[in-house]
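Structure record follows, encoded as structure tokens.
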Amino acid sequence: MSRLLAKPVARLSRRSLRAQSAWYNGATDRLALEIRLASQARHQATAERNEERQQREKEDPMPYVQEEDPNLLVQTPNSGALFTYKPAEDKKPSFDDRPKDSLADRPLLPRKKLRALIELYNQTPSFITPETLDSHIDREFATSPRRPQFLEAESLRREVVRQNSLPEMTTAGMTDIVGQGLLHATTERKTRAKRLAGALWGVDENGHPDLEAIEEAIEQDSGTPAMRNRRGI
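Note that the sequence shown covers residues 1 to 233 in full-length UniProt numbering.
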């Protein structure tokens, strides 16, 4: 750059401003061209060196060095710090070498979320899909209408009076002791019986398999440890 821009100051002072600008622009263009040519030459030289190295490696490949297994290195007597190779011993299959369960180390979902997914799966028969849409429509609209609960005005009037006499807020599961109390108590006993049966047999209130029943079936089928002992459950 100094070679291109080094000009006598006296000559530059005698030139006009336009001439000086044109000279500087020309010098800058020549300098940029030289830099570009030097960069291209450097890239070309690098490419040629890489081609030569690849050609040498192809003609004279490096010898293969086998990785040393630390289990095959032993220190022999009277050998100082030297190590020698020993033949690999044939290990007999032990009880610990049996194939492990592929699911044992997977991070599984919490039991609460697993139980919710199983309940959702048990509800899938009632889902409306494009294949079952026609049958759902027929069941809701094409069948005969349900028989009304109140066949006379007196029964309807008594029900309205009973509904108006109920408190605005009450505890869930509590029933009144007048009128329908016996019926609600019987329903509550049936619900509790279903819950007890589900806890004993591993099914939900509707008789569908619950999480415990599925775990027991997996244990009996695969012979693996219980899923509840795995990480994440």
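Even for Gly, the Cβ is constructed at its ideal location relative to N, Cα and C.
Exercise. Based on the DSSP secondary-structure assignment, which residues constitute the bridge partners of P209?
Worked result: V203
For this session: Please state if the CB of D204 and the CB of N122 are separated by a distance shorter than 8 Å.
Result: yes
Problem set entry | Enclosing alpha helix (DSSP H) for Q55 [first to last residue] | L17 to E59
For this session: Report buried or exposed for D210, applying the criterion of at least 16 other Cβ atoms within 10 angstroms of its Cβ.
Result: buried
For this session: From the DSSP output, in three-state form, read off I177 for me.
Result: Its pLDDT being 47, under 50, I177 is placed unreliably by the model, and nothing is read from it.
Problem set entry | Cβ distance (whole Å) where I118 is taken to contact I214 below 8 Å | 7 Å
Problem set entry | C-alpha gap between A19 and G26, whole angstroms | 11 Å
Exercise. Between the C-alpha atoms of S2 and L31, what's the straight-line distance to the nearest angstrom?
Worked result: With a pLDDT of 49 at S2, under the threshold of 50, the modelled position of this residue cannot be trusted, and the question is left open.
For this session: Give the straight-line distance between the Cα atoms of I35 and Y24, rounded to the nearest whole angstrom.
Result: 16 Å
For this session: Ignore the nearest five residues each way along the sequence and tell me which others in E216's own chain have a CB closer than 7 Å to its CB.
Result: G202
Exercise. Can you give the Cα-Cα distance for T129 and N206, rounded to whole angstroms?
Worked result: 22 Å
Problem set entry | For L108 and F141, the rounded distance between their alpha carbons | 44 Å
Problem set entry | Closest Cα partner of G198 within the set Q40, R115, R53 and H136 | R115
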